[in-house]
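If you're matching positions, the sequence shown starts at 3 in the numbering used here and goes up one per residue.
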Amino acid sequence: MSELKSALELALEKTREIKTTQEEREEIKKQEYISQATGLLTRYWSGEDRLEAIEKILSRDELLTREFLSLVWSKPNTISNINDKLLEVINRFQKNGQTVATKIEGLYGEYQRARGEKLKAIEKLIVEELAQRGIRGAAITPNPEGSREGMQLLAALEKEYSSKLQEIITAIENPTSCNNLGNCSIPWGNRRDAP
3 MSELKSALEL ALEKTREIKT TQEEREEIKK QEYISQATGL LTRYWSGEDR
53 LEAIEKILSR DELLTREFLS LVWSKPNTIS NINDKLLEVI NRFQKNGQTV
103 ATKIEGLYGE YQRARGEKLK AIEKLIVEEL AQRGIRGAAI TPNPEGSREG
153 MQLLAALEKE YSSKLQEIIT AIENPTSCNN LGNCSIPWGN RRDAP
């Protein structure tokens, strides 16, 4: 006959199975921070929250601030991802943020000018090609971004400027150190590296 177990023994066995290790608890906590930071950043990007409100929340929790900055720095992986909101966050929270934001903004402006020049040149080529075929007139509006040549040139241009952006980012001593929110810093790289 099999051994009968008391209710207490059964309960103890079940709780042993439920217990989480320290590593599992840390991973759960990290996932909570990632979720909170993602929510804050999403609310800011969508315009639901102002940066000042987010700053108040972040000022209470250094680990949340680290995760938030890590998410911010994962955003500018290409030059086309640069926008005013990103520059505002960098300017506000990044140590030496104004300098960094100015460099990135300058590079972005340079990219936009080069992109505009390339688009005009491609548009001119399209108009000339159409004119050779006998298609002329004011009603013609070429789409340089939709042409094969245009897409190739713009992709090459974006790659060139994205690599320049990465050079700026890697030249920063510690791209995720805080300025307004106390003494915090996170290692560069994958956001999961943050404690």
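Think of the CB as a built atom: it goes at the ideal place given N, C-alpha and C, for glycine as much as any other residue.
The three-state secondary structure of residue 139, taken from DSSP, is coil. DSSP, reduced to helix, strand and coil, places residue 51 outside both helices and strands of the structure shown, so it counts as coil. The beta carbon of residue 139 lies closer than 8 Å to none in the same chain, with the five residues before and after it left out. Burial state of residue 39 is buried, judged by a 10 Å Cβ sphere holding 16 or more other Cβ atoms.
The alpha-carbon separation between residue 116 and residue 41 amounts to approximately 35 Å. Here the C-alpha atom of residue 74 lies approximately 12 Å from the C-alpha atom of residue 85. Note on residue 69: 16 or more other CB atoms within 10 angstroms of its CB, so buried under the neighbour-count rule.
A Cβ-Cβ distance of about 4 Å is found for the pair residue 80 and residue 164, placing them in contact under the 8 Å criterion. Residues of the same chain with a CB within less than 8 Å of the CB of residue 132, apart from the 5 flanking positions on each side, are 138, 142 and 144 in chain order.
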